[in-house]
């Protein structure tokens, strides 16, 4: 073999090895899912901070424009404007502390929708000038709610995850 042919084969071999190296491969589905889960958890972190600080705009920032809240004993609230109106007495009359009782269970439905399951206790402190929140959609019957949540989140055209459906039901009783 001539030296030129040997060099050519060596160069091809090195290019092949470089192309096969893990450092330049595109992200795997697992990598993408991990990044999506992290982005979804960031949505919930932002949401929780907004709830605990009474930040209505911060709360609304994580919701899809077509949000549907499906409470267990009240009519659905549909759309971000209606949800925003609902939040006015909620934040004006009480403050909230969230206690997370479970790990986050995130199941993907295709590439751009995920179901998120989690359990919370939300401790409610009615503000001193308020006896009770009586707006029928925002009525609070307990000062501590143990709830099991089941949400749908969707990735928008901008790549951001937003909450599309927000649902819950009564959680299990905690041991004292």
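Residue numbers (this note's numbering): 25 to 200.
All C-beta atoms, glycine included, are put in the ideal place defined by N, C-alpha and C.
Every unbroken stretch of the alpha helix (DSSP H) spanning 4 or more residues and falling wholly within the region 90-129 is given here in chain order: 104-117.
Boundaries of the beta strand (DSSP E) harbouring residue 176: 168-179, taken from the DSSP string. A contact is defined here as three or more CB-CB pairs under 8 angstroms, and the region 94-113 fails this definition with respect to the region 137-146.
Cβ neighbours of residue 76 within its own chain (closer than 7 angstroms, five residues either side excluded): 120, 121, 122. Checking the DSSP bridge columns, you'll see residue 187 partnered with 87, 177. Judged by their CB atoms, residue 91 and residue 68 are not nearer to each other than the 7 angstroms cut-off. Pairing residue 141 with residue 129 gives a Cβ-Cβ distance under 7 angstroms.
Spatial neighbours of residue 169 in its own chain (CB-CB distance under 6 angstroms, excluding positions within 5 residues in sequence) are listed in chain order as 146. Taking 7 angstroms as the cut-off, the Cβ atoms of residue 104 and residue 89 count as close. Distances from the CA of residue 84 to each of 116, 132, 109 were compared; the closest alpha carbon is that of 109.
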